[in-house]
């Protein structure tokens, strides 16, 4: 006889729990990749393997006492993590993951399995909120498919458990497994199709900031960029290779001029001009969080973000794709000197023309924009007679720093005094100070605390003589100021890793950097970097190796993901579908609602509460009336439904197999019998369980016995092996019994 089973030892429960274990493993890996939390992944995977070996494989859950002890330990760890890190997506997800592992040791009922599935969904949502990288997306697709497979098997297991079926029966017959697989494929296809259409049509970023830090994914949990500097605190320099942005460089003829031999491109973010005891802050403290001028610009509108004293036209265009912005205010990175800012889609920006600092004010997402700039070092700025240098902030300039800078300048044959030195010599002074840092100091990422009461920059210059880029930038800026040259510290990124496959520079978190801009002429700010060149190249230039070509192609695919999926915005949608009624009107609606809430929170809360009460009351009344009128509605609609079902049955029966025809005849006969006996079948209960749930008077009727007999035949026809399937004669006899019972 042909073997109908895939394995002689598999059971309905075992099939479901094997699927559950695989889904759990992939879900834990998914969140671990999104959150880069490998310690959690290692411990959680170990816990899953132990749970499978001890509890799930042999269906032997741990004792309640042991479960409670483990649960108390998990709650203690979660409370400590909450106090240290605060409530966030990562903290919540780690807690949910630990509960998931504990629950695997305690699967005693269908309810426990349902709770595990809910925890799996929570972890998947947390991963989506944490990261939108390509690797996360690929694991997410695989995980959703596995979760769907697990949910389908869970419903089979749940129905069998509630109906009292023997769970130690062998696995489903071959025909049933094929039907189940076809159903899964069809469901996956429909979900993917509907999700793709929703993704392509709906506006981007609507409401993504409604939940604060819970509302937007990013490409990683660490960032190397900081909008302030506090020297003496270790751990601020990130070595993460996670990409932050992609950069393309074009000339005025729209020719890509990027190459692996290009000079490093400094992308400035924060402009720091205030110094006190090792801390560099925003030059304008009043605008530290938000620039003074915020405006919404339309697509392709040109904005001049900085003062251009000569009105010289741009010679380079930098197209930047910021892979993940912050939830509200994100820094716009750009080279100096920017002359034009252009966004392909409407955007809210803030900027200070005096410093050239820009931010994006809006919900978190990827941002695309173009910066047209001119090389500030090539500006031929005329220094008029009697030119007076800008005022210099002397905070933090100690006598030791002033004396040290004067010695360096004097040794180079230049005048250290700004009152007697010609302004034309300021550029040479800056080069001398920069070269001194290059040759006499050592680069180091090792953090070491500054001695109490000692200025961090002084400690670096005279005692430590080793440090990272922030120490070099701070020292160069203070020495320049001591010589009467206005200088400011800039933090941002350095672009030097060029990918020949994509024609773009890839800027990573490890490319975060700090440097100095000094005013060496009337509004002529030039970039200077005190970091030693050899160390700079080792840190920021692309590493060569055997796997470098493979890495380049992976980055090419990853960029396609970022550009096509993460970077898909309203402009991309318009390019495909045209202008769809200004984002379906949802963006303007959201902005108006936010403004109304801001202007009248109390009144709107009262109105919302009143509307909620009215809607709830009406829904409750309508629901009660529907339940009361349901028998009447069923009596009115049943003849029409039966007539329509008969027509469909006559057309479809020609293509059915004998088994399908017998099953359809049984289902029609059972439906008529239930209506004739006025038995309402609960939608959430199997047929057999619903019949057994009737009162004693109904169970003693002939039609109830006929219905039970028919349901047994239907179960055997659908789930039993072919050798145990009912014969056609048995089906005809029970149908005749149902018809005769209906006439009683």
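Residue numbers (my numbering): 1 to 744. Built from N, CA and C at the ideal position, the CB exists for glycine as well.
Using only the alpha-carbon positions, how far apart do residue i and residue j sit?
i: residue 26; j: residue 143; result: 6 Å
i: residue 40; j: residue 83; result: 18 Å
i: residue 334; j: residue 268; result: 5 Å
i: residue 274; j: residue 352; result: 16 Å
i: residue 481; j: residue 138; result: 52 Å
i: residue 369; j: residue 385; result: 40 Å
i: residue 33; j: residue 135; result: 8 Å
i: residue 347; j: residue 298; result: 7 Å
i: residue 726; j: residue 716; result: 7 Å
i: residue 53; j: residue 36; result: 27 Å
i: residue 440; j: residue 403; result: 17 Å
i: residue 418; j: residue 426; result: 9 Å
i: residue 582; j: residue 296; result: Because the pLDDT of residue 582 is 48, which lies under 50, any placement of that residue in the model is unreliable, and the question is left without a value.
i: residue 124; j: residue 107; result: 21 Å
i: residue 513; j: residue 104; result: 46 Å
i: residue 537; j: residue 496; result: 9 Å
i: residue 436; j: residue 526; result: 18 Å
i: residue 21; j: residue 48; result: 8 Å
i: residue 420; j: residue 501; result: 54 Å
i: residue 603; j: residue 617; result: 21 Å
i: residue 229; j: residue 434; result: 20 Å
i: residue 453; j: residue 463; result: 14 Å
i: residue 406; j: residue 281; result: 26 Å
i: residue 75; j: residue 101; result: 13 Å
Just to confirm the assignment, what range does the alpha helix (DSSP H) spanning residue i have?
i: residue 436; result: 426-440
i: residue 98; result: 89-104
i: residue 718; result: 702-719
i: residue 281; result: Where residue 281 is concerned, there is no enclosing alpha helix (DSSP H), although the beta strand (DSSP E) it sits in stretches over 279-282.
i: residue 18; result: 12-35
i: residue 114; result: 110-130
i: residue 41; result: 38-51
Which residues in the same chain have their Cβ closer than 6 Å to the Cβ of residue i, if we skip the five residues on either side of it in sequence?
i: residue 737; result: 706
i: residue 18; result: none
i: residue 94; result: 40
i: residue 658; result: none
i: residue 465; result: 441
i: residue 733; result: none
i: residue 438; result: 532
i: residue 98; result: 74
Tell me where the beta strand (DSSP E) around residue i begins and ends.
i: residue 670; result: From DSSP, residue 670 is part of no beta strand (DSSP E) but of the alpha helix (DSSP H) over 658-677.
i: residue 299; result: Where residue 299 is concerned, there is no enclosing beta strand (DSSP E), given that its DSSP letter is neither H nor E.
i: residue 356; result: Where residue 356 is concerned, there is no enclosing beta strand (DSSP E), given that its DSSP letter is neither H nor E.
i: residue 528; result: 525-528
i: residue 337; result: Segment: none, residue 337 is in no beta strand (DSSP E) and carries neither H nor E.
i: residue 518; result: 512-519
i: residue 246; result: 243-250
i: residue 322; result: 316-322
i: residue 271; result: 265-276
i: residue 329; result: 329-331
i: residue 304; result: First-last for residue 304: undefined, no H or E at that position.
Can you name, in chain order, every residue of its own chain whose Cβ lies under 7 Å from the Cβ of residue i, other than the five neighbours on each side?
i: residue 729; result: none
i: residue 248; result: 256, 258, 319, 503, 504
i: residue 187; result: 148
i: residue 432; result: 408, 409, 412, 414
i: residue 735; result: 665, 669
i: residue 1; result: Because residue 1 sits at a pLDDT of 38, beneath the cut-off of 50, its placement in the model cannot be relied upon, and the point is left open.
i: residue 681; result: 674, 687, 690
i: residue 424; result: 383
i: residue 302; result: 340, 342
i: residue 151; result: 117
i: residue 232; result: 278, 449, 450, 456
Whose C-beta lies closer than 8 Å to the C-beta of residue i among residues of the same chain, with five residues either side of it excluded?
i: residue 667; result: 714
i: residue 291; result: Since pLDDT at residue 291 reaches only 46, below the 50 mark, its modelled position is unreliable, and the value read off the structure follows with that caveat. Once the five neighbours on either side are set aside, the close Cβ partners of residue 291 are 350, 351, 352, 357, 358, 359.
i: residue 724; result: 716
i: residue 663; result: 714, 717, 718
So residue i and residue j are in contact, right, with Cβ under 8 Å, and what is the actual spacing, rounded?
i: residue 478; j: residue 396; result: 6 Å
i: residue 471; j: residue 460; result: 4 Å
i: residue 354; j: residue 307; result: 7 Å
i: residue 485; j: residue 271; result: The pair is not a contact, with the Cβ atoms about 16 Å apart (cut-off 8 Å).
i: residue 266; j: residue 515; result: 6 Å
> What are the complete alpha helix (DSSP H) segments, minimum 4 residues, inside the stretch 369-419?
Replying inline: If one requires a minimum length of 4 residues, the alpha helix (DSSP H) runs lying completely within the stretch 369-419 are 399-411, in chain order.
> Taking the runs of the alpha helix (DSSP H) that are 4 residues or longer, which of them lie wholly in the stretch 442-494?
Replying inline: Here the runs fully enclosed are 456-459, 469-482.
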